[in-house]
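S.K.: Just so you know, numbering that gives the first Met the number 0 puts 251 at position 252 of the sequence shown, and the rest follows in order with no gaps. Beta carbons are placed, not taken as given, at the ideal position from N, Cα and C, and that holds for glycine.
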Amino acid sequence: MAPPSVAPGSKLAEKPVANSSKTIAKKQKKTSYKSDGVKDNDVFLLPGTDYQIVVALTILAAIVRLFRIYQPSSVVFDEVHFGGFASKYIKGKFFMDVHPPLAKMLIALTGWLAGFDGNFDFKEIGKDYVEPGVPYVAMRMFPAICGILLAPAMFLTLKATGCRTTTATMGSALIIFENGLLTQARLILLDSPLMVATAFTALAFTSFTNQHELGPEKAFDLSWWFWLVMTGLGLGTTLSIKWVGLFTIAWVGSLTLVQLWVLLGDTKTVTLTRTRVVDENGNEVQVPGEEAGVVAPPHPDVEGVDPETKQKVADADSKVPEAAESVKGEREAEQKKPKPASEGGKEATVKEEL
0 MAPPSVAPGS
10 KLAEKPVANS
20 SKTIAKKQKK
30 TSYKSDGVKD
40 NDVFLLPGTD
50 YQIVVALTIL
60 AAIVRLFRIY
70 QPSSVVFDEV
80 HFGGFASKYI
90 KGKFFMDVHP
100 PLAKMLIALT
110 GWLAGFDGNF
120 DFKEIGKDYV
130 EPGVPYVAMR
140 MFPAICGILL
150 APAMFLTLKA
160 TGCRTTTATM
170 GSALIIFENG
180 LLTQARLILL
190 DSPLMVATAF
200 TALAFTSFTN
210 QHELGPEKAF
220 DLSWWFWLVM
230 TGLGLGTTLS
240 IKWVGLFTIA
250 WVGSLTLVQL
260 WVLLGDTKTV
270 TLTRTRVVDE
280 NGNEVQVPGE
290 EAGVVAPPHP
300 DVEGVDPETK
310 QKVADADSKV
320 PEAAESVKGE
330 REAEQKKPKP
340 ASEGGKEATV
350 KEEL
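1) On the CB-based measure, 16 or more other CB atoms within 10 Å of its CB, does S253 come out buried or exposed?
2) May I ask you to report which of helix, strand or coil DSSP gives D96?
3) So what's S206 in DSSP terms, helix, strand or just coil?
4) Is the beta carbon of L234 sitting closer than 8 Å to the one on T255?
5) Using only the alpha-carbon positions, how far apart do T197 and T156 sit?
6) Between which two residues does the alpha helix (DSSP H) containing D39 stretch?
7) Please report the Cβ distance between T230 and A203, rounded to the nearest whole angstrom; I am assuming they are in contact, meaning their Cβ atoms lie under 8 Å.
8) For D355, which three-state DSSP category applies?
9) Taking the alpha carbon of A113 as the point to measure from, which residue in S72, Y135, K122 and D120 has its own alpha carbon closest?
10) Rounded to whole angstroms, what is the Cα-Cα separation between F176 and G264?
11) Helix, strand or coil: how does DSSP classify D127 here?
12) Skipping 5 residues on each side, what residues in its chain have a beta carbon closer than 6 Å to that of V129?
13) Taking C-alpha atoms, which residue in A143, V228, I187 and G110 lies nearest to A201?
14) Can you list, in chain order, the residues of its chain with a C-beta nearer than 7 Å to that of M104? Leave out the 5 residues immediately preceding and following it.
15) Can you say whether W226 is buried or exposed, counting buried as having 16 or more other CB atoms within 10 angstroms of its CB?
16) Could you tell me which uninterrupted alpha helix (DSSP H) segments, each at least 4 residues in length, are contained entirely in the segment 192-254, listed from first to last along the chain?
17) On a CA-only basis, which of L232, L148, F219 and K217 is nearest V195? Give me that one, please.
18) Which of the three DSSP states is assigned to S73 in this structure?
19) Might you give, ordered along the chain, the residues of its own chain that have their beta carbon closer than 6 Å to the beta carbon of A184, omitting 5 neighbours on each side?
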């Protein structure tokens, strides 16, 4: 038997409703405010093979940067300055330097832990380390470790941006074998600590931006807060090593301003909407508007809705209970009617499909 039709003038026809749960399921569409094409590139959820590649790249970087790190066994280039600063820290002598102290203090700490007493002055390039017994290898190890960490940081940052594994591996390999970075990592200099702090900041902010672009469902969750805090720590560490870290702060600040501009300029306000539908039993069911196949207007209680729209929504909501009662009453009246007998003497069943 054909499904019962609804009269054009009836109250049920005044508001479009979804007639069954099957219709709702077919038309179900999740509202999302995430950026188009953005995927969840969480570096903590990478395939196992990617983590194996990270370990392999880290080992390769360690081999390249630590190979014969004891050569040359004399003062090289700016080790004159930064080795001398470490010596003054250990001996407690006051000095002035243009850059913040974090990396120099860490170099001094590694030397002190290795037994350096601070009596070597690092005043001349070519001055021998071996005869005075300076633990220069230990002091060179700190920049070397920072240089080693650049390789996995590059790989994870590229993966966080959505690059393929081959692309991330190639980028990390370029970092490992770049002569300038390799040379800086083998001497008592500030550049490797600065580079790894900058790389960590880039990784943290890239991961945070990825969480941000995934929409409101990712906002303020644990990973969102984690990467936001890590970005702040990275910026603070970078600035505490050299003043050029201010450029990293300017970079993150500029991208943050762009994100705020996009959010403030978005005319699509994320508000709570509702649509009432009638189920098969004539009862009211509240579902999100797009799941019901109906574009729901804003609820009257939401701030910022003009009075005319509020009145229209209120009028529509007031008609839904009446429509539900009408449908329920018609169904009860239909069920009370005597069922006609068929030609075979059997009663015909009446099927209503809503």
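M.R.: Answer, in terms of the structure:
1) Sequence index remark: in the sequence shown, residue 253 carries index 254 (1-based). S253 comes out exposed.
2) Along the sequence shown, read from residue 1 onward, the residue named residue 96 stands at position 97. In the structure shown, D96 falls within a coil segment according to DSSP collapsed to helix, strand and coil.
3) Translated into positions along the sequence shown, residue 206 becomes position 207. S206: helix per DSSP, three-state reduction.
4) Indexing the sequence shown from 1 puts residue 234 at position 235. Indexing the sequence shown from 1 puts residue 255 at position 256. No, these two residues do not count as a Cβ contact at 8 Å.
5) In the sequence shown, residue 197 corresponds to position 198, counting from 1. In the sequence shown, residue 156 corresponds to position 157, counting from 1. Their backbone Cα atoms lie some 12 Å apart in a straight line.
6) By one-based count along the sequence shown, residue 39 stands at place 40. Per DSSP, D39 belongs to no alpha helix (DSSP H) and is neither H nor E.
7) For this step, residue 230 is matched to residue 231 along the sequence shown. For this step, residue 203 is matched to residue 204 along the sequence shown. Their Cβ separation, rounded to whole angstroms, is 4 Å, which keeps T230 and A203 in contact under 8 Å.
8) The question about residue 355 has no answer here: the residues shown for the chain are numbered 0 through 353.
9) The residue you call residue 113 lines up with position 114 of the sequence shown. Closest by alpha carbon: Y135.
10) By one-based count along the sequence shown, residue 176 stands at place 177. By one-based count along the sequence shown, residue 264 stands at place 265. When rounded, the distance between both Cα atoms is 44 Å.
11) For this step, residue 127 is matched to residue 128 along the sequence shown. Strand at D127.
12) For the purposes of this step, residue 129 is taken as residue 130 along the sequence shown, with counting starting at 1. Around V129: S72.
13) Along the sequence shown, one-based indexing puts residue 201 at 202. Checked all of A143, V228, I187 and G110; the closest Cα to A201 is V228.
14) Counting from one through the sequence shown, the residue named residue 104 turns up at place 105. Result list for M104: Y88, in chain order.
15) Counted from its first residue, the sequence shown places residue 226 at position 227. Looking at its Cβ environment, which holds 16 or more other Cβ atoms inside 10 Å, W226 is buried.
16) The qualifying runs are 221-240.
17) On the sequence shown, residue 195 is found 196 positions in, with the first residue counted as 1. With distances taken between Cα atoms, V195 lies closest to L148.
18) For the purposes of this step, residue 73 is taken as the residue at position 74 of the sequence shown. Three-state DSSP puts S73 in a strand.
19) Position 185 of the sequence shown, counting from 1, holds the residue named residue 184. R64, P142, A143, G146 and S191, listed in sequence order.
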